[in-house]
Amino acid sequence: MNWLISDAWAQGSITGGQGGYVSLIMLGGMFAVFWFLLIRPQQKRAKEHKAMIESLAKGDEVVTSGGVLGRVTQLGPSYVSVEIADKVEIKVQRPAIQTVLPKGTLKAAND
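What the sequence shown shows, in the working numbering, is residues -6 to 104, in sequence order.
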């Protein structure tokens, strides 16, 4: 039965002695591409969002992450009260504020 299975002999490296350096350079290049195309823009957006949340003030018109439009009425360290209709307020976490709208947007949205 051994005559059906031939012996397998290991062959030498095809790439030669410089293969290790080329692999490291390619790995570093791929990391650089991921850094500049994925990681860096994500960090920039997170930094801008944090600055926007810290600069919230009473009277700002905002959109929450759930798509609710409203006006900021109270600010706390971790929660914000948002008036979504006359005498109707909801409390949301600060990070749930997605966008600060230009003044007058709510009035235009109601027309």
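Every residue, glycine too, gets a C-beta built ideally from N, C-alpha and C.
Would you mind working out which of the options sits nearest residue i, comparing C-alpha positions?
i     : options                       : result
Gly69 : Lys96, Leu62 and Ala50        : Ala50
Lys43 : Val93, Leu99, Gly22 and Thr98 : Val93
Gln91 : Asp53, Leu30 and Gly21        : Asp53
Kindly give me the distance between the Cβ atoms of residue i and residue j, rounded to whole angstroms, as I take these residues to be in contact under 8 Å.
i      : j     : result
Ala102 : Ser58 : The Cβ separation is near 18 Å, so there is no contact.
To the nearest angstrom, how far is the alpha carbon of residue i from that of residue j?
i     : j     : result
Met45 : Thr66 : 17 Å
Gly63 : Ser16 : 54 Å
Val81 : Ser74 : 10 Å
Val26 : Ile83 : 43 Å
Arg33 : Glu47 : 21 Å
Helix, strand or coil for residue i per DSSP?
i     : result
Val26 : helix
Leu62 : strand
Leu99 : helix
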